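Engineer:
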Amino acid sequence: MLSGLWNLFIRALGTAVALWVVTLLIDGVSIATPDVILAGDGSYDRLLVFLGVAAVIVVLNMLVRPVLQVIGLPITLITLGLFALVINAAIFLLAEWISQALGLGLSIETFLDAFWGAIIMAIVNWLLGPLTGLLSSKR
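The sequence shown lines up with residues 184 to 322 when you count with my numbering.
Here you go:
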């Protein structure tokens with residue numbers, strides 16, 4: 184049980200880094216900290232918000248993405264896999280909606296921003312994969 188939570192935390196940490204890169208590269212994607220202080224003196228609130236949004240994305244990728252992939256399988260086959268990029272963008276937009284409901288400040292302006300943001304997140308997570316895999320196997 185503890186190793187499962189550790190793996191979830193490591194995946195959320197890698198996704199938080201990827202999300203940070205997306206906010207740097209895509210103007211239409213931003214994260215705002217809440218008006219209230221989340222912890223301590225508030226100096227780590229931005230990090231906590233990134234981790235919270237990343238946790239939402241990780242959970243959606245674990246629970247919702249497989250369902251959407253099965254439902255979209257015929258279209259994915261017809262488009263030679265390109266529809267998977269649309270599914271990733273939809274998950275990213277769903278993460279925005281849930282994070283807004285939770286009071287976390289993820290904001291995505293357009294579908295195109297979500298599309299490119301999801302691609303960048305996938306690339307950064309792929310690049311971080313060996314490191315997060317190494318950290319996950321340590322526990």
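C-beta: ideal position from N, C-alpha, C; glycine also. From a predicted model like this one, the values you see are computed outputs, not experimental measurements.
In angstroms, rounded to a whole number, what distance separates the CA positions of Leu-202 and Phe-233?
Structural biologist: Taking the first residue of the sequence shown as 1, we reach residue 202 at position 19. Taking the first residue of the sequence shown as 1, we reach residue 233 at position 50. Taking the straight line joining both Cα atoms gives about 7 Å.
Engineer: Within the continuous beta strand (DSSP E) that includes Ser-290, where are the two ends?
Structural biologist: Here residue 290 corresponds to residue number 107 of the sequence shown, with the count starting at 1. Element bounds for Ser-290: 288-291.
Engineer: Between Phe-275 and Ala-301, which are expected to be in contact by the criterion C-beta below 8 Å, what is the C-beta distance as a whole number of angstroms?
Structural biologist: Your numbering for residue 275 matches position 92 in the sequence shown. Your numbering for residue 301 matches position 118 in the sequence shown. At roughly 5 Å, the Cβ-Cβ gap stays under 8 Å, so Phe-275 and Ala-301 are in contact.
Engineer: Would Leu-230 pass as a contact of Ala-272 if the rule is Cβ separation under 9 Å?
Structural biologist: On the sequence shown, position 47 is the one that residue 230 refers to. On the sequence shown, position 89 is the one that residue 272 refers to. Their beta carbons are not under 9 Å apart, which means Leu-230 does not touch Ala-272 by this criterion.
Engineer: Locate the alpha helix (DSSP H) running through Val-269, then write down its first and last residues.
Structural biologist: Here residue 269 corresponds to residue number 86 of the sequence shown, with the count starting at 1. It spans 266-285 - the alpha helix (DSSP H) in which Val-269 sits, taken as one unbroken run.
Engineer: Is the separation between the beta-carbon of Gly-223 and that of Thr-315 shorter than 9 Å?
Structural biologist: Here residue 223 corresponds to residue number 40 of the sequence shown, with the count starting at 1. Here residue 315 corresponds to residue number 132 of the sequence shown, with the count starting at 1. Not a contact, by the Cβ cut-off of 9 Å.
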